[in-house]
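Shown next, in structure tokens, is the structure this report addresses.
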Amino acid sequence: MSDPLQSFRLDGKVAIITGASSGIGEQTAKLFSSVGATVVAAARRADRLEKLSAETTNVVACACDVTSDADCENLVQTTLEQFGRIDVLVNNAGISDPIAAIDEDLEEFRRVIQVDLISCFYLAQLSAKIMKEQDSGGSIINVASIHGFVGSAPNNQPGYSAAKGGLVNLTRELALEWARFGIRVNALAPGYVATELTDEMIAGDSGRKWIERNTPLRRPAAVHELNGAMLLLASDAGSYITGETIAVDGGWLAR
Ligand SMILES: NC(=O)c1ccc[n+]([C@@H]2O[C@H](COP(=O)([O-])OP(=O)(O)OC[C@H]3O[C@@H](n4cnc5c(N)ncnc54)[C@H](OP(=O)(O)O)[C@@H]3O)[C@@H](O)[C@H]2O)c1
Numbered sequence: 010m011s012d013p014l015q016s017f018r019l020d021g022k023v024a025i026i027t028g029a030s031s032g033i034g035e036q037t038a039k040l041f042s043s044v045g046a047t048v049v050a051a052a053r054r055a056d057r058l059e060k061l062s063a064e065t066t067n068v069v070a071c072a073c074d075v076t077s078d079a080d081c082e083n084l085v086q087t088t089l090e091q092f093g094r095i096d097v098l099v100n101n102a103g104i105s106d107p108i109a110a111i112d113e114d115l116e117e118f119r120r121v122i123q124v125d126l127i128s129c130f131y132l133a134q135l136s137a138k139i140m141k142e143q144d145s146g147g148s149i150i151n152v153a154s155i156h157g158f159v160g161s162a163p164n165n166q167p168g169y170s171a172a173k174g175g176l177v178n179l180t181r182e183l184a185l186e187w188a189r190f191g192i193r194v195n196a197l198a199p200g201y202v203a204t205e206l207t208d209e210m211i212a213g214d215s216g217r218k219w220i221e222r223n224t225p226l227r228r229p230a231a232v233h234e235l236n237g238a239m240l241l242l243a244s245d246a247g248s249y250i251t252g253e254t255i256a257v258d259g260g261w262l263a264r
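Using this note's numbering, the letters of the sequence shown correspond one by one to residues 10 to 264.
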């Protein structure tokens with residue numbers, strides 16, 4: 010038997026990762042690079058991306074605000090022009106709206122849906138058109154959340170929960186529509202992970218204790234604990250997985 014770990018490698022593959030300037034996206038860029046991929050790292054903070062690119066083999070920066078259709082188009086086009094193909098897209102950029110639904114401004118709700126859901130659809134569509142033409146399949150990974158399955162209150166985030174729920178079912182829909190092109194579409198549903206998104210909550214006593222109380226493993230995740238599921242979905246090791254959302258949540262959704 011040949012080495013089964015070989016199928017987790019991404020040699021020769023080209024991956025776009027959004028939200029790569031920090032947290033899960035930055036970690037994923039380093040992860041993919043370490044197993045042979047070329048990575049186009051996208052986000053708004055270009056300085057952070059340049060630093061990542063300078064420190065990591067085969068990672069290039071592409072400044073991109075995913076709420077801009079033109080930026081999304083430029084990201085896909087630039088990747089194609091520079092590297093000639095797109096094999097993996099990780100829709101990871103995300104923001105939250107920590108406010109009670111009763112008080113939320115409609116514009117803020119719209120903004121979160123735009124970043125966390127609509128941009129994922131548009132980038133998936135743009136990438137799938139390329140992948141379809143390449144005729145060698147592809148993998149799209151949407152970073153959703155446990156709050157795509159269960160509500161978030163008392164850690165209120167109404168737009169976030171709505172967007173992530175939408176993203177989980179969009180994942181199923183795109184998987185069904187694009188299976189005929191060999192494009193797999195899956196999602197990850199992390200529980201609480203220590204990143205810039207959660208640092209205030211985790212630093213605060215009540216937030217951290219709430220996470221510990223509600224997570225069966227009694228702690229938030231470290232970013233590297235998503236590596237296994239991310240690589241499984243991105244690589245040929247996951248070649249028969251599509252339409253799935255894998256929870257990496259310390260047991261949160263098992264309740
Ligand atoms: N941390 C958690 O507990 C947790 C749990 C479940 C799911 N998630 C999901 O994981 C993903 C990554 O979050 P994280 O925890 O790693 O948080 P993070 O460190 O705050 O990273 C968020 C990333 O999204 C990017 N981003 C935000 N708005 C953007 C925009 N308009 N255009 C382009 N990029 C944008 C940010 O980059 P710039 O500011 O430079 O643009 C940043 O790189 C998100 O989708 C989040 O919902 C996180």
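Even for Gly, the Cβ is constructed at its ideal location relative to N, Cα and C.
From a predicted model like this one, the values you see are computed outputs, not experimental measurements.
For C71, the enclosing beta strand (DSSP E) begins and ends at V68 to A72. Shortest gap from the CB of Y201 to any heavy atom of ligand 1: under 7 Å.
Sorting R94, T251, T65 and D78 by C-alpha distance to the C-alpha of A188 places T251 at the top.
For N165, the distance from the CB to the nearest heavy atom of ligand 1 is not below 7 Å. Cβ-Cβ distances below 6 Å link K39 to T65 in the same chain, with the five nearest sequence neighbours on each side left out; the list follows chain order.
Each residue's CA atom was taken as its position, placing I150 and M239 some 8 Å apart.
S30 sits in coil when the DSSP states are folded into three classes, being neither helix nor strand. A check of alpha carbon separations from G216 across P107, Q91 and A29 identifies P107 as the nearest.
Taking a contact to require three or more Cβ pairs closer than 8 Å, the stretch 203–214 and the stretch 167–183 do not qualify as touching. Looking at the DSSP output, T254 bridges to A196. Assignment of S148 by DSSP, reduced to helix, strand and coil, places it in the strand class. Remark: the C-beta of G216 is outside contact range of ligand 1, defined as less than 7 Å to any heavy atom.
By the criterion of a C-beta distance shorter than 8 Å, C81 is surrounded in its chain by C73, V75, S128, Y131, L132 and L135, once the five residues flanking it on both sides are discounted. For S248, the number of other beta carbons within 10 angstroms of its own is below 16, and it is reported as exposed. The beta-bridge partner set that DSSP reports for N100 consists of N151. Leaving aside the five residues that flank G34 on each side, the residues in its chain whose CB is nearer than 6 Å to its CB run, in chain order, I26, G28 and N101.
G146 and K22 have their alpha carbons spaced roughly 11 Å apart. Selection A79, L58, D78 and S42 evaluated against A70 yields L58 as nearest (Cα-Cα). Within a 10 Å sphere around the beta-carbon of K173 sit 16 or more other beta-carbons, which makes this residue buried. The Cβ atoms of P225 and V202 lie no closer than 8 Å to each other. By the 16-neighbour rule on beta-carbons within 10 angstroms, P13 is exposed. In the structure shown, the three-state DSSP call for T88 is helix. I155 counts as buried, since no fewer than 16 other beta carbons sit within 10 angstroms of its beta carbon.
For V75, the shortest C-beta to heavy atom distance toward ligand 1 is below 7 Å. In the DSSP assignment, V48 falls within the beta strand (DSSP E) that extends over T47 to A52.
Take L126, set aside five residues on each side of it, and the residues of its chain with a beta-carbon closer than 6 Å to its own are A172, G175 and L176, in chain order. Where G216 is concerned, the enclosing alpha helix (DSSP H) starts and stops at D214 to N223.
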